[in-house]
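Numbering (the numbering used here), first residue to last: 28 to 296.
Just so it is clear, CB atoms sit at the ideal spot from N, CA and C, and this is done for glycine as well.
So this is what it looks like as structure tokens:
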């Protein structure tokens, strides 16, 4: 694995714990962090020892989004031509979107475990995760509106497909904080917990359940869910038929049948 400066990675029993590791900056992400996040999730995607990923943050907060120093540098180009300057800016925005896309495109389920602030780019990141859990005192805010910006890294595309569109618009237009209990009520998180310790314990149980399933089937299920979200039912069913025509007859299927008949837990490669 790549040596990490802004993340902390621990892998045990097929579960990867990934932590934002800039607690002194509320886990705000500088350029190094954005670069490492993309490489990290691409490597975890290819790592056969990993079946599920838990994403959290060291320190008090989950993630404060993009580091303000990086944000100020994004629009600074020496190119005198306005057209070429805008072209470069567009490429820079796409480059910042890519690490978050890597989370969504990672074939392993990614579970966000959130405490403290999840601000700006942090909301972009959790919107790309498969599931979200948080503490009661966690809070979520689409902060870009208070900075004279339009959130541009995925929140406005993904969040309305997670929570009611009207609530997503309210958050985007007002920049208000949504705390843990409300986040559970609107479906932003699966569950909320009184403490970080309780949250991590329960998230670990969910991760262990996922890790015990057929890895091939879990990867396929994530791929199908992502495809179905963005396509019609008819397109989704057609894609599903093609997927299973390619993937159904696997060693995992035979192991599941044999384990059932022998009344034992299935053990997958």
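Item: Buried or exposed by the 16-neighbour rule on C-beta atoms within 10 Å, applied to residue 67; Value: buried
Item: Endpoints, alpha helix (DSSP H) assigned at residue 101; Value: 95-101
Item: Cβ-Cβ separation, residue 136 to residue 249 (assumed contact under 8 angstroms), whole Å; Value: 6 angstroms
Item: Closest Cα partner of residue 225 within the set 116, 134, 162 and 73; Value: 162
Item: Under the three-state DSSP convention, the category residue 178 falls into; Value: coil
Item: Simplified DSSP state of residue 39, which is helix, strand or coil; Value: strand
Item: Cβ-Cβ distance between residue 156 and residue 139 below 8 angstroms; Value: yes
Item: Residue from 145, 77 and 113 whose Cα sits closest to the Cα of residue 83; Value: 145
Item: Nearest candidate by alpha-carbon position, reference residue 183, set 291, 198, 295 and 34; Value: 198
Item: Whole-Å CB distance - residue 48 paired with residue 96, under 8 angstroms assumed; Value: 18 angstroms between Cβ atoms; not a contact.
Item: Alpha carbon of residue 39 to alpha carbon of residue 295, nearest angstrom; Value: 16 angstroms
Item: Helix, strand or coil at residue 159 [DSSP, three-state]; Value: strand
Item: Exposed unless 16 or more other CB atoms sit within 10 angstroms - verdict on residue 219; Value: buried
Item: Reduced DSSP category for residue 47 - H, G, I as helix; E, B as strand; rest coil; Value: strand
Item: For residue 139: DSSP bridge partner residues; Value: 82 and 159
Item: Proximity below 8 angstroms, CB of residue 242 to CB of residue 78; Value: yes
Item: Bridge-paired residues (DSSP) for residue 117; Value: Paired residues: none, contrary to the question.
Item: Separation of residue 196 from residue 244, as counted between CA atoms; Value: 35 angstroms
Item: Of the residues 151, 176, 203 and 178, the one placed nearest residue 189, counting alpha carbons only; Value: 151
Item: Buried or exposed by the 16-neighbour rule on C-beta atoms within 10 Å, applied to residue 171; Value: buried
Item: Length of the line joining the Cα atoms of residue 3 and residue 108; Value: A query on residue 3 cannot be resolved here, the shown segment of the chain reaching from 28 to 296 and no further.
Item: Cβ neighbour criterion (16 or more within 10 Å) applied to residue 203; Value: exposed
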